[in-house]
Ligand code: DQA
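Residue numbers (the working numbering): 475 to 619.
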């Protein structure tokens with residue numbers, strides 16, 4: 475099984491940015507955790523982070539052409555603004571889980587809309603790095619061929 479884990483803007487700043495919200499672990503720590511899990515679960519995984527909306531759209535489109543089975547996406551701030559990412563997810567029509575480290579439902583009003591979430595079959599929020607593990611294991615259980 476092949477999964478794309480796609481992370482949006484400022485997630486490369488984990489461990490530096492707003493530690494009271496996002497914790498002290500770094501983006502490399504997150505990547506290591508995902509790679510270890512996927513090795514153990516025999517999942518082929520690509521973990522990609524970009525600060526650029528168009529790059530995230532390109533990566534979603536690429537997932538279709540390289541036979542990716544499912545996507546885990548944390549679009550970060552683009553969650554709340556990007557119709558382009560929503561349209562890309564709808565275009566490829568791959569099973570997708572949305573993950574947020576923080577519990578966005580308890581945060582500012584402007585975070586209450588998720589465009590990407592409209593194309594996702596499940597949303598996991600407020601569980602930190604464990605949210606990615608839960609998303610990957612959910613997709614494996616449901617879609618592994
Ligand atoms: C986030 C929540 C978003 O509102 C925010 O813009 C982020 C991170 C999260 O993982 O909690 O950058 O997606």
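Ideal Cβ positions, reconstructed from N, Cα and C, are used throughout, including at glycine.
Buried or exposed: where does residue i fall if 16 or more other Cβ atoms within 10 Å of its Cβ makes it buried?
{"i": "residue 533", "result": "buried"}
{"i": "residue 552", "result": "buried"}
{"i": "residue 482", "result": "buried"}
{"i": "residue 523", "result": "buried"}
Can you look up residue i in the DSSP assignment and give me helix, strand or coil?
{"i": "residue 567", "result": "coil"}
{"i": "residue 619", "result": "coil"}
{"i": "residue 475", "result": "coil"}
{"i": "residue 542", "result": "coil"}
{"i": "residue 480", "result": "strand"}
Would you call the CB atoms of residue i and residue j closer than 7 Å?
{"i": "residue 560", "j": "residue 604", "result": "no"}
{"i": "residue 520", "j": "residue 478", "result": "yes"}
With a threshold of 6 Å, establish whether the CB of residue i neighbours any heavy atom of the ligand DQA.
{"i": "residue 576", "result": "yes"}
{"i": "residue 476", "result": "no"}
{"i": "residue 551", "result": "yes"}
{"i": "residue 585", "result": "yes"}
{"i": "residue 486", "result": "no"}
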